[in-house]
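Going by this note's numbering, the residue at position 123 of the sequence shown is 136; the numbering climbs one at a time, nothing skipped. Note that beta-carbon positions come from the ideal geometry of N, C-alpha and C, so glycine has one too. Quantities reported herein were computed from a predicted structural model and do not represent experimental measurements.
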Amino acid sequence: MASRRYENFDLLIEEEHGGYQARVTACPSNETPSTRFVLPFDETKLENLLLKLDPGRTDMRRGPGDAREVASKELGGALYSAVFTEDIRDAWTRSLEQVQARDCGLRLRLKLTDAPSLAGLPWELLYSVRTNRYPAQSESTPVIRFLGDRGTSKAQRVEGPLTILFVICSPTDLPDLDTENEWRAVQQELKPLIDRDVVRLERLPDPATPARLLDRLSDGPVHIVHFVGHGDFDEASQEGVVYFCTNYSTKNPIGADRLGSVLQDVEELKLVVLNACQSARGDSHDVFGGMAQGLVQFSVSAVAAMQFPISDKAASTFSRSLYRAIARGNPVDQAIASARKAILMAYPSEWATPVLYLRTNDGVIFDLTREVGNASAESPGEPPPPEDPRRRWTRLPGARRALAIGAAVVVMLVLAYAGLQYYIYRQTYDNLPRFSSPTSPSLNYFSALSGPAVDAHRLGAPPVLDGSAEDWSANITPVSSDDLVQGSATNVRATWRLGWDHDWLYVFADVTDPQLTQIHGDNAQQISNGDAVAIEFGSSQPHTLDEMEWTDHVLVFAPIPPGRQIANALGYRDAAGQNYSFLVPMANVDGASKITSTGYTIEARMPLRTIDLADARGAMMGLNLYVIDAASTGPERGQRRSKLSNNSALAEVKDPGSARGRWGTMTLRD
């Protein structure tokens, strides 16, 4: 939808002895009516309504959608009737008529700083019984919480792509959230804009710690920070927090004062989105005591937060609709209204969950360049018409033209050097062994790999990496790792499922381990000493049967108690076949773990390009599967005490890596 222009209807609400006053301080009709009112429900009635809208207040389970919708109209209608008495309602109606004649919208700006006891109410639910309308559901009449009296903020000019940094936090000691679904949905929804360099999506590496956020914000422009995770409101301290991660992926509560200090000096940052429950809750005595409200004090133009628990799917819908609207150049309050409508269509009981706090007068927080604005307004399938490159060249001043020529020469030299290096690389690498397909003339070489043969099956749909086997086909035969190959006998074992598609190799390990001991989650060099699983794989036609080679890999996955995240690391040989470098973190491998009643699960994927596999169907490779058990008590706690495998041929070998010829094989089956 095209970007709208708005005029403001400012409604100030103040506490008075025995009640409250609502006063229009500015509006298009130049009226300033006021009214005195009291809350239209007693404390018990209000609490019952809020419990239906926000079951998280007492850890109740979410109520049925129709009950929330009834409560929304009851509470919102009563609030509207109490505040929009005849004079204020008439001023609103006349203002609406005037702005519509000027082809504008009317922004309702609620000023609640002088009524903190009311700031926590869901004002977005204001509902006119007479017109059967919620103003906040329309892009013509967005409802925002205005905190501009503490300073206004200018729109940030964006010369290049609009950069959105996702901070996805899943502390292992808090309940699981489907954070990956939101991340994937936003990536998919914005892909046309990403491909045209209108939007850039980034993700803070796991675990998402405050230190990592600070480092990223120091590296280059970030226009929007989007937090996905858990939030809370401490009733005792009357302070809102969101949960970042520690280096060990456990919870790290961060309040508005600390997070605001990190964000306040980022000049380009104008919007923070807190996709976390309770992130819009406020202090009944200090309106800036809440998480979102507090951040607005730290020079952030706009903060969007959640005043009720929000489902993962509704949150995903909100995010992708919000950023699509902002990339079109819409004011942020119009974008929020658009996102609310998207939630309304799919999840009608959750549309009023997002709250917008604003400091800028007109809602325009980004001044997108003409090129970015035009590109974002195009339909996804229609890129903007190309500009004549000769015109672009003649517009360059002399100094910039000379600089461009110099840069072009440097680029040509770099490309020439890279081409030479690639030629040398291919000359060496093409002579190294590959994973063989069944048509390979040297299939008889497989007989040299004496270990067991297992199959990986093509998956119809990629599994969600959540540590659960629910979306793995029951027809996939599990592979057992219960052959003790190192250490003392234990009651630890694992079963594996292996799958693949065009781009990825997937593994799922279900580990039986009565005592989880992994204390090395932040140290890739050590995680193979704690409880973990590992997969060795490589060429089925090695140069030597004695030791591992450059085309061989070892991936280790460790749960970080009590689950959800994983630590992963990669072992490999260098190009010369020397210096076996074990356990280097591998960024393009991801997955999740989950604590179970008998141990834990690991679900992960790795790109097939990692193993230089051009034609996956029917390919065969060397394979071993392991589960590692660590001592759980005593001075050796956290150190490996045993290792089990699916390959019993390794039992008599102290260092399985030196027994390359005893590996088993894995074939990628349809």
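What's the gap between the Cα of R75 and the Cα of Q310? One-based indexing of the sequence shown puts residue 75 at position 62. One-based indexing of the sequence shown puts residue 310 at position 297. Low per-residue confidence applies at R75: pLDDT is 42, beneath 50, and the placement is therefore not dependable, though the value from the model is reported in the following sentence. Cα-Cα distance, rounded: 32 Å.
Whose CA, out of A644, H239, A547 and D484, lies closest to the CA of T530? Within the sequence shown, numbered from 1, the residue matching residue 530 stands at position 517. In terms of CA proximity to T530, A644 leads the group A644, H239, A547 and D484.
Note down the Cα distance separating P620 from G376, rounded to an integer number of angstroms. Indexing the sequence shown from 1 puts residue 620 at position 607. Indexing the sequence shown from 1 puts residue 376 at position 363. Rounded to whole angstroms, P620 and G376 show a C-alpha spacing of 43 Å.
Which of the three DSSP states, helix, strand or coil, is assigned to P620? Position 607 of the sequence shown, counted from the start, is the residue given in the question as residue 620. In the structure shown, P620 adopts extended strand secondary structure according to DSSP, grouped into three states.
In terms of alpha-carbon separation, which member of Y360, V255, I207 and V142 lies closest to Y724? Lying before the first or after the last residue shown, residue 724 is absent from the chain, which here runs from 14 to 683.
Quick check: S334 and A355, are their CB atoms within less than 7 Å of each other? Here residue 334 corresponds to residue number 321 of the sequence shown, with the count starting at 1. Here residue 355 corresponds to residue number 342 of the sequence shown, with the count starting at 1. One thing to note: S334 has its Cβ within 7 Å of the Cβ of A355.
Pull up the CB-CB distance for A547 and V569, whole angstroms please, since I reckon it's below 8 Å. By one-based count along the sequence shown, residue 547 stands at place 534. By one-based count along the sequence shown, residue 569 stands at place 556. Between V569 and A547 the Cβ distance is about 5 Å, and since that is below 8 Å, they are a contact.
Can you give me the start and stop residues for the beta strand (DSSP E) that P129 sits inside? Along the sequence shown, read from residue 1 onward, the residue named residue 129 stands at position 116. Here P129 belongs to no beta strand (DSSP E); instead the alpha helix (DSSP H) covers P129 to A132.
Could you have a look at I548 and say whether DSSP puts it in helix, strand or coil? The count along the sequence shown starts at 1 and reaches residue 548 at position 535. Strand at I548.
Considering just the uninterrupted stretch of the alpha helix (DSSP H) at I101, what are its terminal residues? For this step, residue 101 is matched to residue 88 along the sequence shown. Element bounds for I101: E99 to A114.
Does the region 341 to 355 come within contact of the region 187 to 198, defined as at least 3 CB pairs closer than 8 Å? No contact exists between the region 341 to 355 and the region 187 to 198.
Do you know offhand how far L369's Cα is from V316's? Within the sequence shown, the letter at position 356 stands for residue 369. Within the sequence shown, the letter at position 303 stands for residue 316. One C-alpha to the other measures close to 6 Å.
Among D526, A617 and D683, which residue has its Cα nearest to the Cα of S610? One-based indexing of the sequence shown puts residue 610 at position 597. Minimum Cα distance to S610 is reached at D526.
Run through the DSSP bridge pairs and tell me what T680 is partnered with. One-based indexing of the sequence shown puts residue 680 at position 667. In the DSSP assignment, T680 is bridged to D468 and M633.
Rounding to the nearest angstrom, what Cα-Cα distance links K65 and L24 in this structure? Reading the sequence shown from its first residue, position 52 is the one you call residue 65. Reading the sequence shown from its first residue, position 11 is the one you call residue 24. Between K65 and L24, the C-alpha separation is close to 27 Å.
Quick check on DSSP: helix, strand or coil for T259? Within the sequence shown, numbered from 1, the residue matching residue 259 stands at position 246. Three-state DSSP puts T259 in coil, outside helix and strand.
Identity of the residues DSSP links to K10 by a beta bridge: In the structure displayed, the chain extends from 14 to 683; residue 10 sits before or after that span and is not available.
Does DSSP classify Q200 as helix, strand or coil? For the purposes of this step, residue 200 is identified with residue 187 of the sequence shown, where counting begins at 1. When secondary structure is reduced to three states using DSSP, Q200 falls in the helix class.
Under a Cβ-count criterion, where at least 16 other Cβ atoms within 10 Å of its own Cβ denotes burial, should K264 be classed as buried or exposed? Taking the sequence shown and counting its residues from 1, the one referred to as residue 264 is at position 251. Per the 10 Å Cβ criterion, buried.
Hey, is the region 226 to 236 in contact with the region 183 to 192, meaning 3+ C-beta pairs nearer than 8 Å? The region 226 to 236 is not in contact with the region 183 to 192.
Can you give the Cα-Cα distance for V96 and T48, rounded to whole angstroms? Start at 1 with the first residue of the sequence shown, and residue 96 comes out as number 83. Start at 1 with the first residue of the sequence shown, and residue 48 comes out as number 35. One C-alpha to the other measures close to 7 Å.
Option in D468, L518 and L119 with minimal Cα separation from P155: Translated into positions along the sequence shown, residue 155 becomes position 142. That would be L119, whose Cα lies nearest to the Cα of P155.
Return yes when the Cβ of A617 is within less than 7 Å of the Cβ of V520, no when it is not. Locating residue 520 in the sequence shown gives position 507, where the first residue counts as 1. Locating residue 617 in the sequence shown gives position 604, where the first residue counts as 1. By the CB criterion at 7 Å, V520 and A617 fall inside the cutoff.
For N288, the residue or residues it bridges with in DSSP: Looking up residue 288 in the sequence shown gives position 275. N288 has V241 as its beta-bridge partners, per DSSP.
Excluding five sequence neighbours on each side, which residues of the same chain lie with their C-beta closer than 7 Å to the C-beta of P396? Translated into positions along the sequence shown, residue 396 becomes position 383. Interpretation of P396 is limited by its pLDDT of 44, a score under 50 that renders its predicted location unreliable; the figure taken from the coordinates is listed afterwards. Annotation for P396: R209 place their beta carbon closer than 7 Å to its own, counting only its chain and skipping 5 residues before and after.
I'd like the list of long-range same chain contacts for L203, defined as Cβ closer than 8 Å, with 5 residues on each side in sequence excluded. The residue you call residue 203 lines up with position 190 of the sequence shown. Excluding positions up to five away in sequence, the list reads V212, L214, R333, Y336, R337 and A340.
Any contact of the region 511 to 518 with the region 467 to 480, i.e. 3+ C-beta pairs under 8 Å? Contact holds: three or more Cβ-Cβ distances are below 8 Å.
When you compare each of E20, I26, L131 and G133 to A114 by their alpha carbons, which one comes out closest? Counting from one through the sequence shown, the residue named residue 114 turns up at place 101. Between A114 and the set E20, I26, L131 and G133, the nearest pair of CA atoms involves E20.
Taking the CB atoms as reference points, tell me whether T98 and I573 lie closer together than 7 Å. As a working note, residue 98 is residue 85 in the sequence shown. As a working note, residue 573 is residue 560 in the sequence shown. No; because the gap between Cβ atoms is not below 7 Å, this pair is not in contact.
Return helix, strand or coil for L190, following the three-state DSSP convention. Counting from 1 along the sequence shown, the entry for residue 190 is found at position 177. Here L190 sits in coil by DSSP.
Just how far apart, CA to CA, sit V51 and E29? Position 38 of the sequence shown, counted from the start, is the residue given in the question as residue 51. Position 16 of the sequence shown, counted from the start, is the residue given in the question as residue 29. As the crow flies, the alpha-carbon of V51 is around 10 Å from that of E29.
So, helix, strand or coil for S314, using DSSP? The residue given as residue 314 occupies position 301 in the sequence shown. The DSSP-derived three-state label of S314 is coil.
Are A662 and R675 close, meaning C-beta to C-beta below 7 Å? The residue you call residue 662 lines up with position 649 of the sequence shown. The residue you call residue 675 lines up with position 662 of the sequence shown. It is a contact, given that the beta carbons lie within the stated cut-off.
With DSSP run on the structure shown, which of helix, strand or coil describes K167? Residue numbering aside, residue 167 sits at position 154 when the sequence shown is read from its first letter. Collapsing the DSSP output to three states places K167 in coil.
Report the rounded CA-to-CA distance for R17 versus Q111, giving the unit in angstroms. Position 4 of the sequence shown holds residue 17. Position 98 of the sequence shown holds residue 111. Their Cα atoms are separated by approximately 15 Å.
What are the partner residues of E20, as DSSP defines its beta bridges? The sequence position of residue 20 within the sequence shown is 7, counting from 1. Its beta-bridge partners are L119.
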